[in-house]
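In what follows, a single structure is set out as structure tokens and then discussed.
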Amino acid sequence: MFIDSHCHFDFDVFNDQRDELMARCLDRGILGFLVPATTFMSWKRLEVLIERYPQWRAAYGLHPYFLKEASLKQVDFLGEQCEAQRVVAVGEIGLDYWPGAVDINVQMDFFKGQLSVAKSLRLPVIVHARKSYDLVLKCLREVGFKEGGVVHAFNGSLEQAKRFLDLGFVLGIGGTVTYPRANKARRVLSALEGSAFILETDSPDMPLNGFQGQNNTPLSIPLIAHCVATIREEDIEQITMQTYANLLRVFPKWNEDLL
Numbered sequence: 000m001f002i003d004s005h006c007h008f009d010f011d012v013f014n015d016q017r018d019e020l021m022a023r024c025l026d027r028g029i030l031g032f033l034v035p036a037t038t039f040m041s042w043k044r045l046e047v048l049i050e051r052y053p054q055w056r057a058a059y060g061l062h063p064y065f066l067k068e069a070s071l072k073q074v075d076f077l078g079e080q081c082e083a084q085r086v087v088a089v090g091e092i093g094l095d096y097w098p099g100a101v102d103i104n105v106q107m108d109f110f111k112g113q114l115s116v117a118k119s120l121r122l123p124v125i126v127h128a129r130k131s132y133d134l135v136l137k138c139l140r141e142v143g144f145k146e147g148g149v150v151h152a153f154n155g156s157l158e159q160a161k162r163f164l165d166l167g168f169v170l171g172i173g174g175t176v177t178y179p180r181a182n183k184a185r186r187v188l189s190a191l192e193g194s195a196f197i198l199e200t201d202s203p204d205m206p207l208n209g210f211q212g213q214n215n216t217p218l219s220i221p222l223i224a225h226c227v228a229t230i231r232e233e234d235i236e237q238i239t240m241q242t243y244a245n246l247l248r249v250f251p252k253w254n255e256d257l258l
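If you count the sequence shown from 1, position 208 lands on 207 in numbering that gives the first Met the number 0, and the numbers rise without skipping.
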């Protein structure tokens, strides 16, 4: 069984093919999907889709790159929204230094506010951290956040990885490691304990090597798993079993009714 621990299956790009893709995924043993919201306006839409697809699990949050139209007042509604069915985490939240993002101090206000909501609800978080790992770690310490979660699309150093692992996080591993030039990411992946990571696609983004320019989909998860197995010199069965166990550990509300 494969699980895509981070895919934006609710995005409009999938509207005309969502049912077909779901059928193909289930046929190929991809049986679970964690779909994190990105904006306040997307919360209700995701809630409706979650009811339609029992294999989905939801996380609600305000993505740091899409805060231009956001208001801190929206954070006040986050706790209520997280009581919706099959909510397993708060996310996608974090800090993003990519050009075009809002001021980092504004991002920190949103991030800390959402961390506090997750802390009060004892929910893990899905962290988006682009060029901001050390600052994210600082915010986690300042809020006193100890519920863990996943660092999405991790691409940091082994030392940074260990600091997140010490706080109860796992690392999201996706298409980056399929690129032969991703030497650092592959070295870190090889050095990690088996309990340290889970698999994700970030669909429709982060296409795999050989699929550049195409929309990514959860159908990529088996390819990522095989690549991870090759890099770590392990069996694919070992990778799928270990990452599923890691997922259940870090998202205790996931439950096992996907089987």
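Glycine included, each C-beta is placed from N, C-alpha and C at the ideal position.
CB-CB under 7 angstroms to ASN154, same chain, minus the five flanking residues each way: which ones, in chain order? THR175, ALA184
Since PHE69 contacts PHE10 with CB under 8 angstroms, what's their CB separation in whole angstroms? Per the sequence presented here, residue 69 reads as Ala, with Phe not at that position. Actually they are not in contact, since the Cβ atoms of ALA69 and PHE10 sit about 18 angstroms apart, beyond 8 angstroms.
So, for LYS67: in the same chain, excluding its five sequence neighbours on each side, which residues have a beta-carbon less than 7 angstroms away from its beta-carbon? VAL101
Under 8 angstroms: do the segment 165 to 172 and the segment 190 to 201 share three or more Cβ pairs, one atom per stretch? yes
Report, in whole angstroms, the separation of the C-beta atoms of LEU61 and ILE92, which I expect to be a contact under 8 angstroms. 6 angstroms
Under 8 angstroms, do VAL34 and GLY147 count as touching if we go by C-beta distance? no
Can you list the alpha helix (DSSP H) stretches of 4 or more residues lying completely in the segment 160 to 244, in chain order? 182 to 190, 220 to 231
Whole beta strand (DSSP E) elements within the segment 17 to 70, 3-residue minimum: If you keep only unbroken beta strand (DSSP E) runs of at least 3 residues inside the segment 17 to 70, you get 29 to 35, 55 to 59.
Between the CA atoms of LEU48 and GLY90 - distance to the nearest angstrom: 17 angstroms
Find the nearest neighbour of GLU156 within the set LEU139, VAL142, ASN182, CYS138, judged by alpha-carbon distance. Glu is not the amino acid found at residue 156; the sequence shown has Ser there. With distances taken between Cα atoms, SER156 lies closest to ASN182.
Since GLY112 is in the alpha helix (DSSP H), which residue starts that stretch and which ends it? 103 to 120
Please state whether the Cβ-Cβ distance between LEU122 and VAL142 is less than 8 angstroms. Cβ atoms of LEU122 and VAL142: not closer than 8 angstroms.
For a quick check, are the C-beta atoms of LEU222 and ARG23 less than 8 angstroms apart? No.
Considering GLU141, what are the terminal residues of the alpha helix (DSSP H) in which it resides? 132 to 142
Could you check if HIS5 is buried or exposed, using at least 16 other CB atoms within 10 Å of its CB as the buried criterion? That one is buried.
Please name the residue in LEU164, LYS118, LYS137 whose C-alpha comes closest to that of PHE144. Closest option to PHE144, judged by alpha-carbon separation, among LEU164, LYS118, LYS137: LYS118.
Once DSSP output is grouped into helix, strand and coil, what is the label at GLU158? Here GLU158 sits in helix by DSSP.
According to DSSP, HIS151 sits in a beta bridge with which residue or residues? HIS127
Is PHE1 helix, strand or coil by DSSP? strand
Would you call GLY212 buried or exposed, if buried means 16 or more other Cβ atoms sit within 10 Å of its Cβ? exposed
Does PRO179 pass the burial test, meaning 16 or more other C-beta atoms within 10 Å, or should it be called exposed? exposed
Terminal residues of the continuous beta strand (DSSP E) containing GLU91? 86 to 95
Please report the distance separating the alpha-carbon of MET0 from that of CYS138. If you take the alpha carbons of MET0 and CYS138, they lie about 35 angstroms apart.
CB-CB under 8 angstroms to TYR96, same chain, minus the five flanking residues each way: which ones, in chain order? For TYR96, where only same-chain residues beyond five positions count, the Cβ hits under 8 angstroms are ILE103, ARG129, LYS130, SER131.
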